[in-house]
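Step one of this worksheet: look at the structure below.
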């Protein structure tokens with residue numbers, strides 16, 4: 062009986078360890094090995110630092126004009142990139158990661174009894190907070206917690222997800238609004254770009270805390286999303302208006318993030334239905350966005366990176382290397398064809414660059430850097 066208990070306990074601990082992979086797995090032993098892809102990520106972050114660093118620690122310009130401080134969306138992409146980089150090289154990237162997070166906290170505003178990130182630093186009036194921006198920031202904070210083990214990042218992620226979920230209600234049957242305040246209430250929408258990233262943030266919170274409510278909420282959001290905004294081709298529409306009309310434009314991140322949600326749901330629950338959903342979405346995304354000749358993703362950098370990340374996650378979960386290879390081909394195009402001579406990147410991942418870019422932003426380069434590190438992981 063004692064041996065049987067010991068074996069059961071051992072098995073339980075191994076299972077917990079597997080589930081918690083990606084949640085504070087920041088030891089040197091768990092650090093990914095350097096590769097050409099991580100080196101490309103480093104090169105890209107070096108160029109970002111050269112081009113956009115402001116005098117204030119942790120602050121970055123919004124674009125090549127070097128005048129305006131970055132919006133929260135740009136900062137969220139930087140946070141995702143630096144947090145992933147810190148998982149490869151904590152010694153090099155922990156300080157700039159800490160400084161970035163401290164700077165981003167200037168965007169945190171408490172209004173109507175709840176804190177959330179504004180799209181610009183505060184204090185400012187009126188407060189303008191977007192649920193999707195906050196979801197990306199929550200994901201970045203959780204990755205920063207993975208990289209550093211600093212519990213204040215997990216706590217801040219928890220508060221950020223709390224704000225995100227304050228945008229959830231029963232109007233239109235569920236889902237989450239795109240933004241908190243609407244100057245014209247007739248234009249209110251519930252968007253895939255808010256629902257799917259927030260669902261993913263909830264899954265990551267569950268992964269780190271084991272609080273069942275996060276898992277249940279993520280499942281509820283994905284049920285609503287599939288019912289409301291999933292087209293028959295397994296590609297997601299953009300949004301539903303308060304009048305019930307569907308905005309049917311298709312952006313790659315509106316499919317990339319549901320893909321990541323279903324891969325993680327499968328990892329957490331081992332329910333095959335989620336893996337089947339992930340595979341169907343992955344195949345649909347390949348058909349819809351990937352150029353059959355070049356392998357390039359016909360979309361914009363700040364959207365397309367979610368697809369390559371989702372494919373890499375699926376490759377591991379399903380043990381199907383073709384998805385990692387699909388991602389690698391797309392990123393090879395980006396590195397060899399889209400990058401300019403100054404290690405800057407254009408808005409689109411299917412663009413061939415032949416001379417120095419005139420327009421470049423962290424919003425284009427940071428998700429590209431993250432994609433490189435994900436490919437190396």
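Numbering (our numbering), first residue to last: 62 to 438.
Even glycine gets a Cβ: it sits at the ideal position worked out from N, Cα and C.
This structure is a prediction, so every number in the text was calculated from the model and none was measured.
Between residue 327 and residue 378 a beta carbon distance of about 6 Å is seen, short of the 8 Å cut, so the two are scored as contacting. Per DSSP, residue 234 has no beta bridge partner at all. Per the Cβ contact rule, the region 252 to 269 is in contact with the region 278 to 297 (3 or more Cβ pairs under 8 Å). Between the alpha carbons of residue 262 and residue 196 lies a gap of roughly 6 Å. DSSP places residue 250 inside the beta strand (DSSP E), whose first and last residues are 250 to 252.
Annotation for residue 385: the continuous alpha helix (DSSP H) segment containing it runs 383 to 394. Straight across, the Cα-Cα distance linking residue 165 with residue 131 is about 10 Å. Burial is judged here by how many other beta carbons sit within 10 angstroms of a residue's own beta carbon; residue 118 has fewer than 16 and is exposed. Straight-line measurement puts the Cα of residue 153 at about 37 Å from the Cα of residue 277. Its Cα nearest to that of residue 102, the residue 139 stands out among 177, 129, 121 and 139.
Remark: fewer than three beta-carbon pairs, one from each stretch, lie closer than 8 Å, so the region 422 to 433 and the region 379 to 387 are not flagged as touching. Taking C-beta atoms as the reference points, residue 427 and residue 142 count as a pair closer than 8 Å. Three or more Cβ pairs closer than 8 Å define a contact, and the region 398 to 417 meets that threshold against the region 356 to 369. Here residue 242 is exposed, its C-beta having fewer than 16 other C-beta atoms within 10 Å. In the DSSP annotation of this structure, the continuous segment of the alpha helix (DSSP H) that includes residue 350 starts and ends at 333 to 350. In the DSSP annotation of this structure, residue 124 is not part of any alpha helix (DSSP H), being labelled neither H nor E. Taking residue 191 as reference, the option from 229, 294, 366 and 295 with the minimal CA-CA separation is 229.
For residue 193, the enclosing alpha helix (DSSP H) starts and ends at 192 to 209. A buried status is given to residue 317, since no fewer than 16 other beta-carbon atoms sit within 10 Å of its beta-carbon.
The beta carbons of residue 151 and residue 209 sit closer together than 8 Å. The C-alpha of residue 146 is placed about 17 Å away from the C-alpha of residue 111. Taken atom to atom, the span from the alpha-carbon of residue 183 to that of residue 169 is near 7 Å. Looking at the DSSP output, residue 160 bridges to nothing.
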